[in-house]
Each structure stands twice: as C-alpha cells, then as structure tokens.
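K.L.:
Counted the way the UniProt record's numbering counts, the sequence shown spans residues 1 to 209.
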Amino acid sequence: MTDRLPQPLRSDALENRERILDAARALFAAEGLNVPMREVARHAGIGPATLYRRFPTKRTLVTEAFAAETRACHAIVDEALADPDPWQGFCFVIEKTCELHARNRGFTEAFLEAFPDPTGAVMDRAHVLRSIAELADRAKDAGRLRADFVLDDLFVMLMANRGIRAASTAAQVAASRRFAAFMIQAFQASRDRSPLPPAARLTPAAPTT
Numbered sequence: 001m002t003d004r005l006p007q008p009l010r011s012d013a014l015e016n017r018e019r020i021l022d023a024a025r026a027l028f029a030a031e032g033l034n035v036p037m038r039e040v041a042r043h044a045g046i047g048p049a050t051l052y053r054r055f056p057t058k059r060t061l062v063t064e065a066f067a068a069e070t071r072a073c074h075a076i077v078d079e080a081l082a083d084p085d086p087w088q089g090f091c092f093v094i095e096k097t098c099e100l101h102a103r104n105r106g107f108t109e110a111f112l113e114a115f116p117d118p119t120g121a122v123m124d125r126a127h128v129l130r131s132i133a134e135l136a137d138r139a140k141d142a143g144r145l146r147a148d149f150v151l152d153d154l155f156v157m158l159m160a161n162r163g164i165r166a167a168s169t170a171a172q173v174a175a176s177r178r179f180a181a182f183m184i185q186a187f188q189a190s191r192d193r194s195p196l197p198p199a200a201r202l203t204p205a206a207p208t209t
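(1) Closer than 8 Å by C-beta to residue 187: which residues in its own chain qualify, once you throw out the five before and the five after it? Chain order, please.
(2) On the three-state DSSP scale, how would you describe residue 196?
(3) By the DSSP assignment, the alpha helix (DSSP H) with residue 254 in it spans what residues?
(4) Using only the heavy atoms of the ligand NAD, determine whether one of them is closer than 8 Å to the beta carbon of residue 138.
(5) Count the other C-beta atoms from every protein chain shown that fall within 10 angstroms of the C-beta of residue 56, then say buried if there are 16 or more, exposed otherwise.
(6) Below 8 Å CB to CB, which residues in the same chain sit around residue 83 once its five sequence neighbours on both sides are set aside?
(7) Tell me residue 145's beta-bridge partners as DSSP assigns them.
(8) Quick test of the definition: if touching needs 3 or more C-beta pairs under 8 Å, does the region 122-138 touch the region 167-186?
(9) For residue 104, name the three-state secondary structure that DSSP assigns.
(10) Keeping to the same chain, check which residues put their C-beta closer than 8 Å to that of residue 135; ignore five residues upstream and five downstream.
(11) Buried or exposed, going by whether 16 or more other CB atoms sit within 10 Å of the CB of residue 38?
(12) Do you know whose CA, among 71, 59, 35, 16, lies nearest residue 46's CA?
(13) Tell me whether residue 201 sits in a helix, a strand or coil according to DSSP, three-state version.
(14) Can you list, in chain order, the residues of its chain whose CB lies under 7 Å from that of residue 24, leaving out five sequence neighbours each side?
(15) Find the nearest neighbour of residue 163 within the set 58, 54, 103, judged by alpha-carbon distance.
(16) On the three-state DSSP scale, how would you describe residue 60?
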C-alpha cells in the first residue's frame, strides 16, 4: 500500500508548478483564455514539455489557475444566502461578482464559457448558479426583484461587465461598481417598469428561475 501513495513533488517540480500557475493567472487575467499554452510556458520560463507534464490539458490549467476565484464565488453566494434579507443578498451578489470579474478577464471567460466536461469548472459554476437561482426566487417572493428576471440576465450582465476597459485595475473596478449599481436599479421590482422582451437562451447551463 505504501508504494501506491502519491509521491510529493520535488522542490524543483513544485517551483515549476507555481511558476506555471503564476504565469497563467497573469496572462489569463490580462488577455483572456485564448493565450496559447506555449505562451504560458514561455512566460513561466519553462519548456512546453514541462508545462504539459504538470498540466496535460488547458482545462486542468484553467481550473487550477482560477481555484481562488472559484472559492471566492462560492463565498459570495454563501454569504448572500445567509442574509435574512434576500434582496440585500441579491444586491451583494451583483456588486461582488462584478468586482471579482472586473479584476480578472480570464475568469469571466471561464465562467461564461466553462467546459462541456461535467467535472471541474462546470460543476463549480452549476453550484453558483443554483445558489443565485434560490436567492432570486426568495427576492421575487419578497417583492423586491422584478418577476421577469431570469438567470440568463446574469450572463448578459457579465458579458457587458467584461467589456469595461480602463487604464488601471482600480479604474476598471470603479467603473464596474458603477455599472453594478445601474444593474441593481434595473433588476429592482417597480410598478412603473414595462415588461422586458422574452429572454434569449444564451447557454443550456443557465437554468431559469
């Protein structure tokens, strides 16, 4: 049994792994997911063979590179669900999610596109979407969230938020916060608002609320 236990990485292998992840995070955040694997290897100062030895597919690299952002997403929706006021929880999700995505373009692309594989990033996204759907239902029942809101509207919001470009991360986050405030006003229930056109199905992974 001892022979079958996974062996810890040597110090040089561990260092290479961290260099790869640091390079991937920086490149994905700045340029999105279209960065070639060879560019990640070059940025990390290692050869492509070493990269593929540590991360055989781009999916595995993306999942590992965005592990912290995925945990942050889970923490945001869990905190929101714990709020006794579902509308305040919903607003918290909009504000914090926009800020999180404004800081990392690659994570937005991974969240919006995900992978068709039923493991890893897709399962994480499904958990987040189920939590937001539950929160949205509660906010609708409380009469605070407009009744015609669907989860596809969240994807539209993130697509628009992804388009924000600024000279610095701080300016981009500031612009994203203002955009989130506009979206919260748009999502809020009001007797004076006209109904929205029918929602377009943007992704089969986005269940309606």
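Even glycine gets a Cβ: it sits at the ideal position worked out from N, Cα and C.
P.N.:
The structure says:
(1) If the five residues before and after residue 187 are omitted, its C-beta is found closer than 8 Å to the C-beta atoms of 90, 94, 145, 146, 149, 153, all from its own chain and listed in chain order.
(2) If DSSP states are grouped into helix, strand and coil, residue 196 belongs with coil.
(3) Residue 254 cannot be examined here, being either before or after the span of the chain that is shown, 1 to 209.
(4) The model on display carries no ligand, and the ligand NAD is accordingly not part of it.
(5) exposed
(6) For residue 83, where only same-chain residues beyond five positions count, the Cβ hits under 8 Å are 89, 92.
(7) 188
(8) In short, these stretches do not touch, since the Cβ pair count stays below three.
(9) Coil.
(10) 77, 80, 81, 86, 89, 90, 93
(11) exposed
(12) Closest in alpha carbon position to residue 46, among 71, 59, 35, 16, is 16.
(13) Here residue 201 carries a coil assignment [DSSP, helix/strand/coil].
(14) 40, 61, 65
(15) 103
(16) helix
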